[in-house]
Structure formats: structure tokens, C-alpha cells
Amino acid sequence: MAARYCITTPIYYVNALPHIGTALTTLAADVTARYQSMQGREVFFLTGTDENGTKVKEAALAAGKPPQEFVDSIAGRFSDIWHGMDIQYDDFIRTTEPRHVHAVQEFFKLLQEKGHIYKGLYEGWYDVSSETFYREADLVDGKSPDGNEVRWVQEENYFFRMSGFAEPLLRHIQAHPKFIIPESRKNEVVAFINQGLRDICVSRHNPGWGIPVPGDETQVVYVWFDALINYVAAAGWPAAGWQDRWPADVQWMGKDILTRFHATLWPAMLMGAGLPLPTSLVGHAWMLMGGEKISKSKGNVVAPLDLAAELAERSGCDPKIAVDAVRYYMAATLPFDTDSTFTPDDFDRRYNSDLANDLGNALNRSLAMSHKFTGGKIPGGAVEPDAATAISAAIAAAEKAMTEFRIDHAAEAAWSLVRFLNKYIDTRAPWALAKNQDPSLPAVIRSMLACLRATEGLVHPILPNTSAAIATQLGLEPISLWSQIGKEGSLTEGTKLSEPRPIFPRLELHKPVVSKAERKETKSEKSMATPETLKPAQSTHSAEIHSEIGIDDFAKVQLKVGRVLEAEAIEGSDKLLRLQVMIGPEKRQIVAGIRNNYQPIDLIGRQVIVLTNLKAVKLRGVESQGMLLAATDAEGGAILLQPDQEAPEGTQVR
RNA sequence: CGCGGGGUGGAGCAGUCUGGUAGCUCGUCGGGCUCAUAACCCGGAGGUCAAAGGUUCGAAUCCUUUCCCCGCACCCA
6 MAARYCITTP
16 IYYVNALPHI
26 GTALTTLAAD
36 VTARYQSMQG
46 REVFFLTGTD
56 ENGTKVKEAA
66 LAAGKPPQEF
76 VDSIAGRFSD
86 IWHGMDIQYD
96 DFIRTTEPRH
106 VHAVQEFFKL
116 LQEKGHIYKG
126 LYEGWYDVSS
136 ETFYREADLV
146 DGKSPDGNEV
156 RWVQEENYFF
166 RMSGFAEPLL
176 RHIQAHPKFI
186 IPESRKNEVV
196 AFINQGLRDI
206 CVSRHNPGWG
216 IPVPGDETQV
226 VYVWFDALIN
236 YVAAAGWPAA
246 GWQDRWPADV
256 QWMGKDILTR
266 FHATLWPAML
276 MGAGLPLPTS
286 LVGHAWMLMG
296 GEKISKSKGN
306 VVAPLDLAAE
316 LAERSGCDPK
326 IAVDAVRYYM
336 AATLPFDTDS
346 TFTPDDFDRR
356 YNSDLANDLG
366 NALNRSLAMS
376 HKFTGGKIPG
386 GAVEPDAATA
396 ISAAIAAAEK
406 AMTEFRIDHA
416 AEAAWSLVRF
426 LNKYIDTRAP
436 WALAKNQDPS
446 LPAVIRSMLA
456 CLRATEGLVH
466 PILPNTSAAI
476 ATQLGLEPIS
486 LWSQIGKEGS
496 LTEGTKLSEP
506 RPIFPRLELH
516 KPVVSKAERK
526 ETKSEKSMAT
536 PETLKPAQST
546 HSAEIHSEIG
556 IDDFAKVQLK
566 VGRVLEAEAI
576 EGSDKLLRLQ
586 VMIGPEKRQI
596 VAGIRNNYQP
606 IDLIGRQVIV
616 LTNLKAVKLR
626 GVESQGMLLA
636 ATDAEGGAIL
646 LQPDQEAPEG
656 TQVR
């Protein structure tokens, strides 16, 4: 019976579809899964979607669909995208499935029985306008720190005794150096726990969507508590046999959800329930777009399948190979400790230099020479020593990388072999050997093919389609086991080689070199972001939610023309400006988050469109009696709307 | 003083824990080869390792201080 190896990704929230930033985690998990599978282990690779949470209900409502139907369609699109990227997961769990709901409720009950969950009175001074609770000590003259009225409220909720787990957690982290990876994240987690862990409220008032607390229908389980349990729910827990799929050997995730959730709350929950902890938690860094975090609101989302389709079209490569190219880029530049940046130019460059020039061309020239010099068949004999050394060094480096979860280093290891091959060919110059009828020619050709065969195996976890294409061109069955890589027996003497055909056609690069000074300039002109940066952002896969309203609904909105009289920055805030706006005879104070694009001086005297019948609210302690209408630029900044020509102040906008 | 990450040739990064000739990929310039997808190979130029001070025989690396960039949090009505 083969040793098992369990891998998880987080379950994705269904409010947006994956882009190359979020898909990174799933790709890393897939590469790990394929590698472990090659090692002969029985792999269980779990992913899924998080469908509870009140925002889902709201989004469904906005889309005019029943929540379940809405969620079904999004979950389906997730699995379509994963399939398109050749992600081979073994199970896809959805938090609306009965097996998950059941596990969550059982887990909750178990923790209750063990005394780790208690019902507590959540009480305190509540500031209604800012929806925040304050302690007695926080109040200033009987009001909130912002100066709002507060009232005493009591709410019953369930609490998880996380405070008791700080010591056990620290001990576990100490005793298991590979529990939290990378090191920098581990330090962060330790620092976080040392600050002290507080009991955490694990239920909310039931909004009609979510998992009810067992025995108390008025409450639903807190979404994070709920979500984390998916890992054991998918293993079948609490039914017998869950040990086959839990604990996970590795749980991949982005660094943002490591510290607070996976490295503290989650292990504390498991300890409380008496369940084993995962072996490793890996929190990779982010892939940024043009130096910023990829996010839907900034409009800089790049969908992996769009990127692949576009590449296939531009380069003429096979669509499956284009998917590999995207996988390669993501794997080879996988941000581990520190964030990296995606740019379309960088993607193109890596495609050309690494895939087309290095790997593709090495395969192509090697096959061409085999046909020309040794009759198109794999010669027998031994691989030359330096080639054999290079092969085993690459295998060792790739193995080390994989055990450290450094997917990027694993790619680098494979490429070190490809680079060796290109050097080797030039050094040994088979064309010269052929001319001189040198007897070492067959051994050199065999050595070249051996490098390619080993490369095929090494890149298999990252580039499954490319790997298969290499095997096909070599006329061999694909390598399926890691232990076969580099073995003489994997290169059968006399095998007929296919005609060489470029796997990765080169891309024609138009691209101008952008100097640092030029780039800076572009950046300072906010709305002038470079066109090529924006282009791929127009994702055809984005999960925009459309809903229709009637004219009556619109009539509820009162918009008027106003003129800015005064403007000043609000201290302690990056974005907020305090504006005094004349709307007809009336003067209003409005707070607007537009400072990234507008200085106070730019605004004075300017006409703006104001939403006037919006409930007043305090922002950073300053009351705002309305809202300015603005569009959003590529970087999430505001672009103010203004009448096409001067309009009388107070004019109704329709 | 909210928390955290980072500043290394034109670009992207490694090296920092465990001080000892500054390394890799891309770009650039020159040369070579002709098997190959104008691909490949070799060589050169280009760095006061953000700044200052300190420890040391010796600092990118250790200590102190400062400056700058970026996330998160707050906040975008």
C-alpha cells in the first residue's frame, strides 16, 4: 500500500473568479500533487468553494437569483477554470454541501462538549453609526471616541476559548520546524501569538444563509470557523476512515490567510477537537500587477485562461501548450517570501527565452541532429559522464526544491539541465564529429537525448502537456515515475524518433524598452496607465453581477449639482478630504475618499455631482452629508464627474 | 511612533540566519558556431550592495540611527 499524501488549497470565496494571483495557490498545490504522485504516493488533492457568508446572499440577490442557484453557477465556473488549467484535484468541496454542513455542526458540538465553546453575553457600548463596540474605558465623556452617541447592548453569542491555546500552539510551532513555511511567516505567527490570543466569537445572528449553530437556529456559525472545517469534512470526518485523508501533508495558501486563520485559529480548533494537525502550512507571497496587489476593484485582473488563449493566438502554439506556458510563468516566478510582479512583457520574455529558445530549441536541434547523424533512432551505449553528472545534479536539486515547496526552484533545477544541454551541444559539436567520423558521435547524441528525457520527467509536475509532447517526439512512453528519471533504461535503444516540430513557436516582440524615468512619468499621470498593461485586464471571465432596477428605484436617488467651496485633507487618513459644498441655497459638509487623485486646491470652485439623500455618516470622526459621484480609474482612484457645462447649483440630476 | 515586507550593475532576483575575492536570469556590446525556432555558445562593459555611524584584521552580511518604496489595518457614503 503506497504512502498517502494529502494536499489542500483554501476554499475560494465565490464572489470573484480566480486570476493568476489567486490561481497561484491552486497551481502550486497541483504541482505538488503531480510530483508526489510521481513519487508513487497515493495523492489526495482537495480544493473547493466557500459559499456561506452574508455577502454571498447579497450578491445572489443582486444577481436576481436564489442563493443556491447563484452559488451553483459560480462553483461550476471555478471547476471549469481549474480543468482548463489542467489542475487535477481529487475532490471539490462546497460549503453548502450536506457533508460539510454535517461536519461543521458535529465539530461545533464536539468543541462544546469538550468545553471549548461557551455561550457568552457580548455586551458593551455600541456606536450605531459606526457599528462598533467600545469598552467603558474607550468612551470619551460618555460618547464614542468619534463623538457619537452610544447605547448599551447585549447580544448572546458563542465563543471559542482560543485564549487557552496560545501556549500549546507555540510549543507545537517550536517542536515542528516545518509546520509553518516560510521562515519569515513563522516569525510573524509567533509574534502574533505572543501578543496574546483572545477568545473568538464563532457565531452570528442568523441572516437566513449559512450553517445554523446546532441546537440554536437563531445563530449561524462564523464563516471562518465554518470554512476551515472543510478540510476535515472532505476527509469524511466524523465518519470512520477520515484518517486516510487527514491530516494534510501540506496546506497551501496565500500569506494573507496564514497568520490569523490557518496558523492560529485552525490548529487551535483541531487541538480542541483532539484531531491531528497538518504537517506543513505554506503561505506564499503575492503576485502583483504592475506593482500593486491584483484585485477586482482595481480592474487589473488577469484570468489565466485568457492569458493562455491570447498566447496561443499570438504565437500559434497548441492551446494546451499555451496553458503550460502560463503554468510555467506562475511556477517559475512563484513568489515565496516576497511579492513578485506580473507584467505582460515579462510573460512574453519568459515564454521566448525559457520555453522557445532554451527548452523548445534544445529539443528541436537535438532531434534534427539525431536524424541527420544517427539515422533518427536512439543510439545505444552509455551516456557521457559530464551529462550523467548534470542529470543527477538536476534531479537532486529538483527533489530538494520540492521537499521545501519551492516550486520556483524546481523549475530552475530543470532549466539548469536544459542550459547544460545547450552548452554540451556546442562543446561537443556533433556536426564536427560527424564530419570527422568520430566514433564518439553516437554517445554524444545519446547523451543529448538522455538530457531531454530527464528534462521531460523533471518538468512533468509543472508542464504536463509539454512533458507529454517531449515524450511523443522522442517516440517513448511518458515517464510516470520519478525514479525512472535519469535511468538508462528509460531511453530505449533503437527507438524511432519523430520528426522535430517546434513545440513553442517564438513570439515576435515589438516591445520598446521603458526606462525608469519614463515609467515613473507614466505612473504619475494616474489615468494614463500604459495601454498594454490594461489590455489583458479586460477579463471575459469576470464574475460581474448584473441586475436590473425599475425607474421607481432610480427615483429614490436624489442627485444634485453642487460647487466646492472649501476643501482640506483630513488628518490621519490617506484618502479622505473634507469638502464644503454649496448645493443651491444649502451648504453641506461632505467627506470624499479622492485624495489619491485630487489635491484640495484642485477642487475649490469646481462643480460636482452630489448624492444628497444619503444617510449622514461619520468618517474618521468627520460627518459626511452626502457623496460625490466619481468613476474609478485603473488604480482604484476616483475620477470625479462634472457637468459638461456650468449648471445652476442645486439642479436636479436625472 | 498601528502591524509587516523591502531597498544589491538598465530590469527582475539570489546571497544576509552561519562576516572573508558580489552571483543568477533578462537586456546591452563584441566574438564564435552553423545542428536548430535570427535560436545556441563564449567574452566584455556596467554595482561606493539606500545613507551615516559603530563592532571587527576584514561587513551586502552583525549593532545603532536615518531616508525612501510597498502591502495590511484604518479608511474610500
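Note that our numbering gives residue 222 to position 217 of the first sequence, counting from 1, and the numbers run on in steps of one.
Glycine included, C-beta positions come from ideal geometry on N, C-alpha and C.
Keep in mind that this is a model prediction, so the values were computed, not measured.
Limits of the unbroken beta strand (DSSP E) element including residue i
i, result
"Trp291", "Trp291 -> no beta strand (DSSP E), and no H or E assigned at all."
"Glu571", "Leu564 to Ala574"
"Thr284", "Thr284 -> no beta strand (DSSP E), and no H or E assigned at all."
"Gln594", "Glu591 to Gly598"
"Ser168", "Element bounds for Ser168: n/a, residue is neither H nor E."
"Gly259", "Val255 to Gly259"
"Met276", "Unbroken run through Met276 is the alpha helix (DSSP H), Trp271 to Ala278; no beta strand (DSSP E)."
"Val307", "It is not in any beta strand (DSSP E) - Val307 carries neither H nor E in the DSSP assignment."
"Ala643", "Ala643 to Leu645"
Nearest-angstrom Cβ-Cβ length linking residue i and residue j, presumed shorter than 8 Å
i, j, result
"Tyr227", "Phe164", "Not really, about 10 Å apart at Cβ, beyond 8 Å."
"Ile595", "Gln630", "6 Å"
"Thr284", "Val255", "7 Å"
"Ile326", "Phe509", "7 Å"
"Leu116", "Ala278", "6 Å"
"Thr31", "Ile92", "6 Å"
"Ile665", "Asn235", "Residue 665 lies beyond the residue range present for the chain, which begins at 6 and ends at 659; the question has no answer from this structure."
"Val423", "Arg433", "No, Val423 and Arg433 are not in contact; Cβ-Cβ is about 16 Å, not under 8 Å."
Environment of residue i [buried if 16+ CB atoms lie within 10 Å]
i, result
"Gln478", "buried"
"Gly259", "buried"
"Ala643", "buried"
"Lys565", "buried"
"Trp271", "buried"
"Ala67", "exposed"
"Ser520", "Model confidence at Ser520 stands at a pLDDT of 31, short of 50, so the residue's coordinates are unreliable and nothing is read from them."
"His181", "exposed"
"Gly491", "buried"
"Ala7", "exposed"
"Ala419", "buried"
"Glu504", "exposed"
Enclosing alpha helix (DSSP H) for residue i [first to last residue]
i, result
"Val396", "This sequence places Ile at residue 396; Val is not what is there. Element bounds for Ile396: Pro390 to Thr408."
"Leu339", "Careful: Leu339 lies outside any alpha helix (DSSP H) and carries neither H nor E."
"Ser629", "It is not in any alpha helix (DSSP H) - Ser629 instead sits in the beta strand (DSSP E) that spans Val627 to Ser629."
"Gly53", "From DSSP, Gly53 is part of no alpha helix (DSSP H) but of the beta strand (DSSP E) over Glu47 to Asp55."
"Arg433", "Ile412 to Arg433"
"Asp231", "Val228 to Leu233"
"Gln41", "Ala28 to Met43"
"Ala68", "Per DSSP, Ala68 belongs to no alpha helix (DSSP H) and is neither H nor E."
"Phe75", "Pro72 to Gly89"
"Phe113", "Pro103 to Glu118"
"Gln200", "From DSSP, Gln200 is part of no alpha helix (DSSP H); its letter is neither H nor E."
Beta-carbon proximity of residue i to residue j, cut-off 7 Å
i, j, result
"Trp214", "Ala33", "no"
"Pro217", "Val225", "yes"
"Ser42", "Val36", "no"
"Phe50", "Tyr18", "no"
"Ser345", "Met407", "no"
"Pro483", "Ala474", "no"
"Leu496", "Ala455", "yes"
"Val388", "Ala268", "no"
"Lys382", "Lys501", "yes"
"Arg104", "Ala80", "no"
"Pro187", "Asp342", "yes"
"Ile614", "Val562", "no"
"Ile178", "Phe170", "no"
"Gln13", "Ala240", "In the sequence under discussion, the amino acid at residue 13 is Thr, which differs from the Gln named in the question. Not a contact, by the Cβ cut-off of 7 Å."
"Arg568", "Glu628", "no"
"Asp329", "Leu468", "yes"
"Leu446", "Ala367", "no"
"Gln612", "Pro648", "yes"
"Trp242", "Ala108", "yes"
One or two residues paired with residue i in a DSSP bridge
i, result
"Pro182", "Per DSSP, none; premise fails for Pro182."
"Lys501", "Lys382"
"Tyr18", "Asp55"
"Pro217", "Val225"
"Tyr10", "Val48"
"Ser208", "Val226"
"Gly583", "Contrary to the premise, residue 583 reads as Arg rather than Gly in this sequence. In the DSSP output, where bridge partners are listed per residue, Arg583 has Glu573 and Val596."
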